[in-house]
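Peer 1:
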Amino acid sequence: MSTPDSRLVTRRTLLAGLGAFGLAGAAGCSNEGRGGTSGADTSGASSDVRPAYLRYTGVEPDLAGAEYNIPNAFLRYPANPVRAVEAPPGDGKPINVLTYTNTPIPPKVEQNLFWQELNNRVGSPVSVSLTPSVDYTQKFATTVAGDQLADIFLVGAVPQVPQLLQAKATDLTPHLAGDKIKKYPFLANLPETAWNACIFGNKVYGVPISRGAISSQALYCRADLLEQRGLSAQVKNADEFVELCKALTDRRRNRFALAAAPTAFVRNMFDMPNNWSENGTAVVSYFEHEAHEQAFELLRKLWSSGYVHPDAFSGQNQDLKVRFGNGTSALAVDTFSAWPSYLQTTVDPQTRIGIIPPPKHDGSGQGRIWLGAPAIGFTAISKKAEARVETLLAYLNFLAAPFGTQEYLFRKFGLPGVHHRVVNGNPVLTPKGFSETQLGLMYQADSPWTIFLPEKEGNSAAEFNAMKQLCPDAIADPVAGLYSETNVRKGPQLTETMTQLTNDIIQGRQPVSAWAGAVKKWKSGGGDQIAEEFAQALEASR
Amino acid sequence: MTDADLAPAPSDTTRDRPRFEPTAGERKISLLLRLRRDYPVLLLAIPGMLVVCAFQYYPLWGNVIAFQDYQPYLGVNQSLWSGFENFSIVFNGDPEFLNAVKNTLILTAIQTVIVFPAPIVVALVLHSLLSNRIRQIVQTIIYLPHFMSWVIVVAVFQQVLGGTGMINNWLRSHGYDPIHVIGNAEAFRALLTSQVMWKDTGWATILFLAVLSQIDRSLYEASAADGAGRWRQTWHVTLPGLKPIIILLLILKLGDSLTVGFEQIILQQPAVGIGTSEVLDTYVYNNGIIGGDWGAAAAVGLVKSVVALALVLAANKLAHRLGEEGVYRG
Numbered sequence: 001m002s003t004p005d006s007r008l009v010t011r012r013t014l015l016a017g018l019g020a021f022g023l024a025g026a027a028g029c030s031n032e033g034r035g036g037t038s039g040a041d042t043s044g045a046s047s048d049v050r051p052a053y054l055r056y057t058g059v060e061p062d063l064a065g066a067e068y069n070i071p072n073a074f075l076r077y078p079a080n081p082v083r084a085v086e087a088p089p090g091d092g093k094p095i096n097v098l099t100y101t102n103t104p105i106p107p108k109v110e111q112n113l114f115w116q117e118l119n120n121r122v123g124s125p126v127s128v129s130l131t132p133s134v135d136y137t138q139k140f141a142t143t144v145a146g147d148q149l150a151d152i153f154l155v156g157a158v159p160q161v162p163q164l165l166q167a168k169a170t171d172l173t174p175h176l177a178g179d180k181i182k183k184y185p186f187l188a189n190l191p192e193t194a195w196n197a198c199i200f201g202n203k204v205y206g207v208p209i210s211r212g213a214i215s216s217q218a219l220y221c222r223a224d225l226l227e228q229r230g231l232s233a234q235v236k237n238a239d240e241f242v243e244l245c246k247a248l249t250d251r252r253r254n255r256f257a258l259a260a261a262p263t264a265f266v267r268n269m270f271d272m273p274n275n276w277s278e279n280g281t282a283v284v285s286y287f288e289h290e291a292h293e294q295a296f297e298l299l300r301k302l303w304s305s306g307y308v309h310p311d312a313f314s315g316q317n318q319d320l321k322v323r324f325g326n327g328t329s330a331l332a333v334d335t336f337s338a339w340p341s342y343l344q345t346t347v348d349p350q351t352r353i354g355i356i357p358p359p360k361h362d363g364s365g366q367g368r369i370w371l372g373a374p375a376i377g378f379t380a381i382s383k384k385a386e387a388r389v390e391t392l393l394a395y396l397n398f399l400a401a402p403f404g405t406q407e408y409l410f411r412k413f414g415l416p417g418v419h420h421r422v423v424n425g426n427p428v429l430t431p432k433g434f435s436e437t438q439l440g441l442m443y444q445a446d447s448p449w450t451i452f453l454p455e456k457e458g459n460s461a462a463e464f465n466a467m468k469q470l471c472p473d474a475i476a477d478p479v480a481g482l483y484s485e486t487n488v489r490k491g492p493q494l495t496e497t498m499t500q501l502t503n504d505i506i507q508g509r510q511p512v513s514a515w516a517g518a519v520k521k522w523k524s525g526g527g528d529q530i531a532e533e534f535a536q537a538l539e540a541s542r
Numbered sequence: 001m002t003d004a005d006l007a008p009a010p011s012d013t014t015r016d017r018p019r020f021e022p023t024a025g026e027r028k029i030s031l032l033l034r035l036r037r038d039y040p041v042l043l044l045a046i047p048g049m050l051v052v053c054a055f056q057y058y059p060l061w062g063n064v065i066a067f068q069d070y071q072p073y074l075g076v077n078q079s080l081w082s083g084f085e086n087f088s089i090v091f092n093g094d095p096e097f098l099n100a101v102k103n104t105l106i107l108t109a110i111q112t113v114i115v116f117p118a119p120i121v122v123a124l125v126l127h128s129l130l131s132n133r134i135r136q137i138v139q140t141i142i143y144l145p146h147f148m149s150w151v152i153v154v155a156v157f158q159q160v161l162g163g164t165g166m167i168n169n170w171l172r173s174h175g176y177d178p179i180h181v182i183g184n185a186e187a188f189r190a191l192l193t194s195q196v197m198w199k200d201t202g203w204a205t206i207l208f209l210a211v212l213s214q215i216d217r218s219l220y221e222a223s224a225a226d227g228a229g230r231w232r233q234t235w236h237v238t239l240p241g242l243k244p245i246i247i248l249l250l251i252l253k254l255g256d257s258l259t260v261g262f263e264q265i266i267l268q269q270p271a272v273g274i275g276t277s278e279v280l281d282t283y284v285y286n287n288g289i290i291g292g293d294w295g296a297a298a299a300v301g302l303v304k305s306v307v308a309l310a311l312v313l314a315a316n317k318l319a320h321r322l323g324e325e326g327v328y329r330g
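Read top to bottom, the protein sequences are chains E and H.
Residues 1 to 542 (my numbering) are what the first sequence spells out, left to right.
Residues 1 to 330 (my numbering) are what the second sequence spells out, left to right.
#1: Who are TYR100(E)'s beta bridge partners in DSSP?
#2: Tell me the rounded alpha-carbon separation between ARG55(E) and GLU192(E).
#3: Among GLY201(E), LEU172(E), PHE200(E), which residue has its Cα nearest to the Cα of LEU187(E)?
#4: For SER128(H), which of helix, strand or coil comes out of DSSP?
#5: If you draw a straight line from the C-alpha of THR282(H) to the C-alpha of GLY458(E), how long is it?
#6: Quick check: the region 343-362 of chain E against the region 124-138 of chain E, are there 3 or more CB pairs under 8 Å?
#7: Quick one, are the C-beta atoms of LEU130(E) and ILE105(E) less than 7 Å apart?
#8: Select from PRO132(E), LEU299(E), ASP446(E), LEU176(E) the residue whose C-alpha is nearest the C-alpha of VAL266(E).
#9: What residues of chain H sit near VAL158(E), judged by a beta carbon separation below 7 Å?
#10: How close, in whole Å, do the beta carbons of LEU258(H) and THR104(H) come, if the pair is a contact with beta carbons under 8 Å?
#11: Nearest to PRO185(E) by alpha carbon, out of PHE413(E), PRO427(E), ALA400(E), THR486(E)?
#12: Under 8 Å, with one C-beta from each stretch per pair, do the region 313-322 of chain H and the region 128-145 of chain H reach the 3-pair mark?
#13: ALA333(H) lies in the alpha helix (DSSP H); which residues open and close that run?
#14: If you measure between the beta carbons of PRO244(H) and GLU325(H), is that distance less than 7 Å?
#15: Less than 8 Å between the CB atoms is what I'm expecting for LEU258(E) and LEU154(E), so what's the real figure, rounded?
#16: Determine which residues of the region 155-169 of chain H have a Cβ less than 9 Å from any Cβ of chain E, and write them out in chain order.
#17: Kindly indicate which three-state DSSP category HIS174(H) falls into: helix, strand or coil?
#18: Quick one: give me the first and last residue of the alpha helix (DSSP H) that HIS175(E) is part of.
#19: Short check: CB of TYR39(H) to CB of GLN163(E), under 7 Å?
#20: Could you tell me the alpha carbon to alpha carbon distance between PHE534(E) and GLU243(E), rounded to whole angstroms?
#21: Using only the alpha-carbon positions, how far apart do GLY17(E) and ILE451(E) sit?
#22: Locate the alpha helix (DSSP H) running through GLY255(H), then write down its first and last residues.
#23: Using a Cβ cut-off of 8 Å, pull out every chain H residue sitting near THR137(E), in sequence order please.
#24: Count the other C-beta atoms from every protein chain shown that fall within 10 angstroms of the C-beta of SER484(E), then say buried if there are 16 or more, exposed otherwise.
#25: Going by DSSP, name the residue or residues bridged to TYR220(E).
#26: Report yes or no: is there a C-beta of chain H within less than 7 Å of the C-beta of PHE313(E)?
#27: If the cut is a Cβ gap below 8 Å, which residues of chain E does SER88(H) touch?
#28: Is any beta-carbon of chain H found at less than 7 Å from that of PRO273(E)?
#29: For LYS301(E) and LEU226(E), what's the separation of their Cα atoms in angstroms?
#30: Quick one: what does DSSP say CYS29(E) is sitting in, helix, strand or coil?
#31: What does DSSP give as the partner residue(s) for LEU258(E) in the beta ladder?
#32: Is ARG489(E) helix, strand or coil when you go by DSSP?
#33: Compute the distance between the beta-carbons of THR205(H) and PRO117(H), then report whether it is under 7 Å.
#34: Between which two residues does the beta strand (DSSP E) holding ARG421(E) run?
#35: Please identify the residue among GLY261(H), GLY227(H), ILE251(H), ASP216(H) whose C-alpha is closest to the C-alpha of LEU239(H).
#36: Check whether the Cβ atoms of GLN444(E) and VAL97(E) lie closer than 7 Å to each other.
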C-alpha cells in the first residue's frame with residue numbers, strides 16, 4: 001500500500017496499513033490474484049519460452065549488491081552517459097497507456113516540457129491514463145468490463161488473469177521467447193525470475209516491472225526528528241517500539257508517530273511467514289500463524305493510544321509521503337523503492353531518512369522482513385494493438401534503458417537546467433522536474449532497480465547499507481510465481497475479506513477473536529484448496 | 001392534472017384531446033390514417049425512442065448472466081447456464097447479502113423520513129419570505145452544493161470533520177479530546193445523511209417552489225378572510241396544493257428506495273469498513289466487477305430491480321386508491 005511499488009492493491013488493502021496482504025501482494029504480485037505458471041517449474045516447456053537474460057554491462061556499480069541479492073548502488077552518475085537507443089521507437093501514431101501512479105498527477109502535455117520531449121524522443125505521442133495505485137484494481141476492473149483497455153496496460157489484480165490475457169492481450173511469445181528478445185536488449189536485461197509473473201500456459205503475455213528486494217517493506221523513520229528528541233532508531237522489542245511511538249506522538253501539535261498502521265512491521269516482529277510457508281510437503285498460509293492475536297493486540301494498542309495518524313484508514317497513499325515529509329508522522333512503513341520519492345517530497349532541508357529494523361517482539365533477536373517479489377506486476381499489449389506490437393515493445397524497451405544511459409537520465413531526471421540541476425556531477429530534480437516527470441513511466445516498464453539518490457549526499461549508501469543489513473535474512477514467499485487455479489478465481493476476493501477484517505480489528509470494530517473464525521471461513525471458502533494447489537505446484541517444480 | 005382531465009371525454013372531438021385511451025370515435029380510424037395524421041409527432045419521437053432502446057432496453061439483455069456461471073472472457077454466448085443457482089445467495093440468505101439488505105433498508109428509512117421532507121420545509125420557509133432579494137440569495141447559495149461531485153463533497157467533509165480535519169486539529173491543539181466522525185462506524189449513517197442533505201436539499205426545493213407559485217392566490221385571500229392564520233393557511237391551502245407533487249415524488253422515490261447512493265458510499269467505505277457501509281449497490285460492485293463473481297452479483301441486481309418495480313407499481317396503485325393521480329394511469 002502506500003508505496004511506489006505497492007502493487008495492485010485495492011484502496012482497502014492499502015488501508016490495511018501495510019496489511020500484510022498488501023505486502024503479500026507485493027511479494028505475490030505474481031501470486032495473489034494473478035497466478036502465473038512459473039516458467040521454471042510447472043512445465044519443462046516454459047524454459048523454452050522464457051526470454052533469455054542478457055545482462056547490461058555498460059557501467060560498474062560503486063557498491064555492488066549481487067552478493068546480498070540487492071540492487072547495485074551508485075554514488076555518481078556516469079560522466080558521459082551513452083546513448084543506448086539509436087532510433088526513436090515510435091511509429092508516429094499515438095501510444096495509449098493505462099497504468100498507476102504513486103505521485104501527484106503531472107501537468108497536461110501542453111504545459112509539460114518533459115512530456116513534450118518524451119513524445120519527441122519516443123517518436124509517437126504518448127498518452128497516459130494514470131490512477132492512484134490504491135484505486136487501480138477498481139479502475140482496471142471497470143476498464144476491462146467496459147472493453148476500454150489501452151494499447152499498453154498494467155495488469156490489475158482481478159480474478160482470472162490468464163483468461164483475461166488470452167482474450168484481451170497479445171501473445172508476445174513470438175517476439176520475446178528465448179533469444180528472440182535480443183531484439184529488445186533492455187528487456188533482455190530484466191532478471192529471469194521476473195518473467196515468471198507474465199508467463200501463463202507457456203506463453204509470454206507481458207513485460208515485467210522488475211523489482212525484487214527493493215520492493216520489500218520496511219519501517220522508514222525521520223532520523224532527524226528522532227535525534228532531536230534523543231531517541232534511538234534501534235528498538236529491541238515490542239515494548240520499546242511502543243515507547244518510541246509514544247515519544248514521537250504529540251497530540252497538541254497534531255503529531256502522530258505512525259503515518260499508517262504498521263501492520264507489516266508488527267507481523268515481522270512475530271516472524272510471520274511471507275504470505276505462504278512450507279510445512280513438510282504442505283503449504284500453509286500466514287493467516288494460520290499462531291501469533292496473529294498477539295500482533296493484533298499490539299496494533300490495537302498503537303491505534304487506540306492515538307499513535308497512528310487518525311486518517312490512516314481513510315486517505316490516499318500519497319498522504320503517507322505528505323505526513324512523513326512534513327513531519328506530522330516520523331514513521332511510515334513503505335517499500336525500499338519509495339526512498340527516492342520520500343527524498344524528493346521533503347519539506348525541511350534538514351530531513352534525514354533512516355530505516356528501523358524490526359526486532360523480535362520479545363527481544364530475543366532480530367525480526368525478519370518479507371522479501372519483495374521479483375516483479376511487482378507486468379504490462380501487457382492489447383489485442384487490438386497487435387499490428388503495432390513491435391513498435392510497442394520497442395517503446396517498452398526504450399523505457400527499460402538501464403542506469404548509466406542517456407535514456408535513463410532523461411526518463412528519471414528530465415532535461416538539465418529545466419528539470420534537474422547538476423550538483424557535484426549528479427542530477428538533482430527541481431520542483432518543476434518532480435512535478436513534470438510523474439508520467440508513471442516506472443509502472444510501464446523499468447530497468448532493474450538501481451539505488452541512486454543524488455538528492456542528498458549519503459542517502460545512496462544509507463539505503464544500500466540498510467538493505468544489506470535486512471534483505472539477506474528476509475523471508476521469501478515459497479510459492480511466488482506458482483499457479484493455482486482457485487487462487488486465480490477466488491484469491492482476490494478472499495484476500496479482500498481478510499484485509500477488511502484486519503482493518504476492522506485494528507480499529508476495534510471487531511474483536512481480536514474474530515480472526516480465528518474468519519480464517520476457518522477462509523479455509524473452507526477456498527483457502528485450503530489454494531494451499532493444496534500451491535503445494536502440488538511447488539512439488540512439481542522440484 | 002385536474003378532475004376535468006379525468007372526466008369521461010365527449011366522444012365527438014377527437015382532435016383536440018390529448019388522450020391515450022381510444023374512444024369509440026378513434027377506433028373507427030384505421031392505423032394508416034392515424035399514422036398519416038400523427039407522423040410528424042412520431043418522427044419526433046424516433047431519436048428519443050432510439051436512445052431509450054439503446055440505453056434502457058438493450059442493456060436488459062445483460063441480465064441473462066444472472067442465470068449463468070458467467071465468465072467474462074468467454075462472454076454471454078459461451079458461458080454455461082446455471083439456472084437459479086446464483087439466486088441462492090438471495091434466497092438462502094447469505095450473511096453478507098443480508099447485511100447489505102439491512103444497511104440499505106436502514107438508509108432508505110432515514111432518507112424517507114429525514115431527507116425527503118427537508119426540501120419541503122425549506123421550500124415553505126423560502127416561499128414565506130417576503131423579500132425576493134433575500135430569497136434569491138438564499139436559493140443560489142443552497143443550490144450550489146448540488147453541482148459538486150461526490151468526490152468533492154466527501155473530501156470537504158473529511159477536511160472539516162476528519163481525524164486531522166479543521167475541527168479536530170483545533171480541539172487537540174486546545175487540549176480537548178477530538179471527536180471521531182469520519183471512520184466511525186456508528187456515526188456513518190448520520191454522516192451520509194448530512195452529506196446528502198447538504199448537497200441536495202437546496203436543489204430539491206426547486207420543484208416544490210415551482211408548485212407553490214402555482215397555488216391560486218385567491219385561496220389564501222379567501223382563507224384569510226375566513227380568519228385563518230399563517231399555520232392554518234399552510235395546513236389547509238399550501239400543503240393540499242403540494243400533495244400531488246409530494247405523492248408523485250414519493251412513488252418515484254420508492255422505485256429508488258434500494259438505491260441509496262453508490263458513489264457516496266463507495267468513496268467512504270474504506271474508512272468505516274463494510275460492516276455498516278455495504279449496501280446492495282456496493283455489494284453488487286464489490287462482488288461482481290471487483291470480485292469477479294458476476295453471476296451472483298447480477299442475480300442480486302436483478303432481484304433488486306424486480307423489487308423496486310413491484311414497489312413502484314404497488315405504490316402507484318395505492319395512490320389511485322387514495323384518489324391521487326400517481327405517476328401514471330394504467
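Even for Gly, the Cβ is constructed at its ideal location relative to N, Cα and C.
Peer 2: Reading off the structure:
#1: Position 100 of the first sequence, counting from 1, holds the residue named residue 100(E). Bridge partners of TYR100(E): THR131(E).
#2: On the first sequence, position 55 is the one that residue 55(E) refers to. On the first sequence, position 192 is the one that residue 192(E) refers to. The alpha-carbon atoms of ARG55(E) and GLU192(E) are separated by roughly 10 Å.
#3: In the first sequence, residue 187(E) corresponds to position 187, counting from 1. Looking at GLY201(E), LEU172(E), PHE200(E), the one whose alpha-carbon comes closest to that of LEU187(E) is LEU172(E).
#4: In the second sequence, counting from the first residue as 1, residue 128(H) sits at position 128. Here SER128(H) sits in helix by DSSP.
#5: Numbered from its first residue, the second sequence carries residue 282(H) at position 282. Numbered from its first residue, the first sequence carries residue 458(E) at position 458. Taking the straight line joining both Cα atoms gives about 48 Å.
#6: Inter-segment contact for the region 343-362 of chain E and the region 124-138 of chain E is absent: fewer than three beta-carbon pairs are separated by less than 8 Å.
#7: Indexing the first sequence from 1 puts residue 130(E) at position 130. Indexing the first sequence from 1 puts residue 105(E) at position 105. Yes, these two residues count as a Cβ contact at 7 Å.
#8: Locating residue 266(E) in the first sequence gives position 266, counting from the first residue. Among PRO132(E), LEU299(E), ASP446(E), LEU176(E), the Cα nearest to that of VAL266(E) is on LEU299(E).
#9: Residue numbering aside, residue 158(E) sits at position 158 when the first sequence is read from its first letter. Here the neighbours are GLY292.
#10: One-based indexing of the second sequence puts residue 258(H) at position 258. One-based indexing of the second sequence puts residue 104(H) at position 104. About 6 Å separates the beta carbon of LEU258(H) from that of THR104(H), a gap short enough to meet the 8 Å contact definition.
#11: Numbered from its first residue, the first sequence carries residue 185(E) at position 185. Checked all of PHE413(E), PRO427(E), ALA400(E), THR486(E); the closest Cα to PRO185(E) is ALA400(E).
#12: Contact fails between the region 313-322 of chain H and the region 128-145 of chain H, because fewer than three Cβ pairs, one in each stretch, are under 8 Å apart.
#13: Outside the displayed range of chain H (1 to 330) lies residue 333(H), so it cannot be described from this structure.
#14: Here the question's residue 244(H) lines up with position 244 in the second sequence. Here the question's residue 325(H) lines up with position 325 in the second sequence. A Cβ-Cβ contact shorter than 7 Å links PRO244(H) with GLU325(H).
#15: Against the first sequence, residue 258(E) aligns to sequence position 258. Against the first sequence, residue 154(E) aligns to sequence position 154. With a beta-carbon spacing of about 29 Å, LEU258(E) and LEU154(E) fall beyond the 8 Å limit used to define contacts.
#16: Per Cβ criterion, the list reads GLN158, GLY162, GLY163, THR164, GLY165, ASN168, ASN169.
#17: Translated into positions along the second sequence, residue 174(H) becomes position 174. DSSP places HIS174(H) in coil when its eight states are reduced to three.
#18: Looking up residue 175(E) in the first sequence gives position 175. Run containing HIS175(E): 173-176, per the alpha helix (DSSP H) assignment.
#19: Taking the first residue of the second sequence as 1, we reach residue 39(H) at position 39. Taking the first residue of the first sequence as 1, we reach residue 163(E) at position 163. Going by C-beta atoms, TYR39(H) is not nearer than 7 Å to GLN163(E).
#20: Sequence index remark: in the first sequence, residue 534(E) carries index 534 (1-based). Sequence index remark: in the first sequence, residue 243(E) carries index 243 (1-based). Roughly 40 Å separates the two Cα atoms.
#21: Here residue 17(E) refers to the residue found at position 17 when the first sequence is read from its first residue. Here residue 451(E) refers to the residue found at position 451 when the first sequence is read from its first residue. Its pLDDT being 35, under 50, GLY17(E) is placed unreliably by the model, and the measurement read from it follows with that caveat. Each residue's alpha carbon lies about 25 Å from the other.
#22: Here residue 255(H) refers to the residue found at position 255 of the second sequence. Residues 239-255.
#23: For this step, residue 137(E) is matched to residue 137 along the first sequence. Residues of chain H passing the Cβ test: ILE290.
#24: As a first step, residue 484(E) must be located in the first sequence, where it is residue number 484. So SER484(E) ends up on the buried side.
#25: Translated into positions along the first sequence, residue 220(E) becomes position 220. The bridge partners DSSP lists for TYR220(E) are ALA332(E), ILE355(E).
#26: By one-based count along the first sequence, residue 313(E) stands at place 313. Interface residue (Cβ-Cβ distance to chain H less than 7 Å): PHE313(E) is classified as such.
#27: Stepping through the second sequence from its first residue, residue 88(H) is reached at position 88. What SER88(H) touches in chain E: nothing, since even the nearest Cβ is about 15 Å away.
#28: Locating residue 273(E) in the first sequence gives position 273, where the first residue counts as 1. No, PRO273(E) lies away from the interface with chain H (no Cβ there is under 7 Å from its Cβ).
#29: To locate residue 301(E), count along the first sequence from 1; it is residue 301. To locate residue 226(E), count along the first sequence from 1; it is residue 226. Answer to the nearest angstrom: the Cα atoms are 21 Å apart.
#30: Residue mapping note: residue 29(E) aligns to position 29 of the first sequence, counting from 1. In this prediction, CYS29(E) has a pLDDT of 28, which is less than 50 and means its spatial position is unreliable; what the coordinates show is noted afterwards. CYS29(E): coil per DSSP, three-state reduction.
#31: The residue given as residue 258(E) occupies position 258 in the first sequence. DSSP output for LEU258(E) lists VAL308(E), LEU331(E) as bridge partner(s).
#32: Taking the first sequence and counting its residues from 1, one reaches residue 489(E) at position 489. Helix.
#33: As a working note, residue 205(H) is residue 205 in the second sequence. As a working note, residue 117(H) is residue 117 in the second sequence. No, Cβ-Cβ distance for THR205(H) and PRO117(H) is not below 7 Å.
#34: Translated into the one-based positions of the first sequence, residue 421(E) becomes position 421. That run of the beta strand (DSSP E) goes 420-423.
#35: Mapped onto the second sequence, residue 239(H) falls at position 239. Between LEU239(H) and the set GLY261(H), GLY227(H), ILE251(H), ASP216(H), the nearest pair of CA atoms involves ASP216(H).
#36: Translated into the one-based positions of the first sequence, residue 444(E) becomes position 444. Translated into the one-based positions of the first sequence, residue 97(E) becomes position 97. Cβ distance < 7 Å, so GLN444(E) and VAL97(E) count as in contact.
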